[in-house]
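Single-structure report; data block below.
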Amino acid sequence: MAQDTTKIALITGSSRGLGRNTALALASKGVDVIVTYHSSEAEAKNVVSTIEEMGGKAVALQLDTSNTKTFDDFAAQIRQSLQDNWQTEQFDFLVNNAGIGIYAPFAETTEEEFDRLMNIHVKGVFFLTQKLLPLIKDGGRIVNISSGLARFALPGYAAYGAMKGAIEVLTRYLAKELGQRQIAVNVVAPGAIETDFAEGAVRDNPDINSFIASQTALGRVGLPDDIGGAIASLLSEDNRWVNAQRIEVSGGMFL
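Quick note on numbering: the sequence shown equals residues 44 to 298 in the working numbering.
Spelled out as structure tokens, the structure:
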């Protein structure tokens, strides 16, 4: 029987990048993890193995956050997984992390690109969270992932930045409406991070990397370790009174 002290987090898009880092950061604090992946099953299983080596418990489930038609089945899988692995009916933390980056100047952004971003970053987050609400414990937490691009504008990210702006507004509404269940909802907005996001532009393009570093108060580009720990910290009991906040984790970009 799972102990009442065991916390469980569901992190979308956690087979790699910031999601993976967040999963490992939470596991290091004793939180068990439900990993979701879109297509990287081997990488997701690697995350599970790493968490198990740390002494934690984790499972990996496939999820396409852009396809709302799959959410009923996914919720059923979560319910079954919670029963099979933790002998419980609910989990504690939902981190809506899954996402993609599309670089396209406003004048050249296609409707297909816009719809793809919308389905993953807004519609998917909205309806997946809605579907999972019965499975989140009263007193649980939700963290949505935004971006520094919702505060400052860099050409080429009009659609993406707009979607993240929508998530920041949605976060406040969720905090308001879920408050009666004592569920706190916050948004974390990373700055530019060295990952394979947007085809690894920040990590692999020296010009982009040095420009961002020059515009960041702490003088470098962010690393995944800078973000996962921040999210894990936000989900700690010490931060239980933080609610409806946008927390930018960017090292001080474009101040």
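Think of the CB as a built atom: it goes at the ideal place given N, C-alpha and C, for glycine as much as any other residue. In this text the structure is predicted, and so the values were computed from the model without any measurement.
Under the three-state DSSP convention, the category residue i falls into
i                 : result
lysine 88         : helix
proline 177       : helix
tyrosine 200      : coil
valine 285        : coil
glutamate 291     : strand
alanine 52        : strand
isoleucine 21     : Given a span of 44 to 298 for the chain in the structure shown, any question on residue 21 remains unanswerable.
methionine 296    : strand
aspartate 158     : helix
phenylalanine 134 : strand
glutamine 105     : strand
methionine 44     : Here the model assigns methionine 44 a pLDDT of 39, short of 50, so the residue's position is not dependable, and the following value carries that caveat. The answer is coil: DSSP assigns methionine 44 none of H, G, I, E or B.
asparagine 252    : helix
asparagine 128    : helix
asparagine 64     : helix
arginine 59       : coil
Neighbour-count burial assignment, residue i, 16 or more Cβ in a 10 Å radius
i                 : result
tryptophan 129    : buried
asparagine 110    : exposed
serine 257        : exposed
phenylalanine 117 : buried
proline 233       : buried
methionine 206    : buried
phenylalanine 149 : exposed
arginine 375      : What the structure shows of the chain is the stretch from 44 to 298, and residue 375 is not part of that stretch, so it cannot be assessed.
glycine 295       : exposed
threonine 153     : exposed
valine 168        : buried
threonine 48      : exposed
alanine 85        : exposed
Spatial neighbours of residue i in its chain, beta-carbon cut-off 6 Å, leaving aside the 5 residues before and after
i              : result
alanine 147    : Glu156
threonine 172  : none
alanine 45     : Confidence at alanine 45 is low in this model, with a pLDDT of 44, below 50, so its placement is unreliable and the value that follows should be read with caution. Counting only Cβ-Cβ distances below 6 Å, and skipping sequence neighbours, we find Trp129, Gln130 and Thr131.
tyrosine 200   : Leu192
serine 293     : Gly191 and Gly234
leucine 217    : Val228
alanine 244    : Ile251
leucine 106    : Thr79 and Phe117
glycine 99     : Ala70 and Asp75
isoleucine 255 : Ala235 and Val264
asparagine 162 : Ser109
Proximity test, Cβ basis, 8 Å: residue i and chain B
i                 : result
phenylalanine 195 : No chain B appears in this structure, which consists of one protein chain only.
Neighbourhood of residue i by C-beta distance below 7 Å, restricted to the same chain and skipping five residues each side
i             : result
glutamate 211 : Ser189, Ala193, Val230 and Arg289
threonine 238 : Gly60, Leu61, Arg246 and Pro267
asparagine 64 : Pro267, Asp268, Ile270 and Gly271
asparagine 89 : none
leucine 221   : Val228
Cβ-based neighbour list, residue i, same chain, cut-off 8 Å, excluding 5 preceding and 5 following
i              : result
isoleucine 121 : Leu53, Ile77, Leu104, Phe134, Leu175 and Leu178
tyrosine 203   : Gly144, Ile145, Leu160, His164, Ser190 and Leu192
Presumed contact (8 Å Cβ cut-off) between residue i and residue j, rounded CB distance
i                 : j                 : result
phenylalanine 297 : phenylalanine 195 : 5 Å
serine 124        : valine 102        : 5 Å
valine 186        : isoleucine 274    : 6 Å
lysine 50         : aspartate 75      : 7 Å
### Task
Count the CB pairs spanning the segment 267-286 and the segment 239-250 that are closer than 8 Å, and state whether there are at least three.
no
### Task
Say whether the segment 54-73 touches the segment 256-263, bearing in mind that this needs 3 or more beta-carbon pairs closer than 8 Å, one atom from each stretch.
no
### Query
Per the contact definition of three or more C-beta pairs closer than 8 Å, is the segment 65-85 in contact with the segment 137-152?
yes
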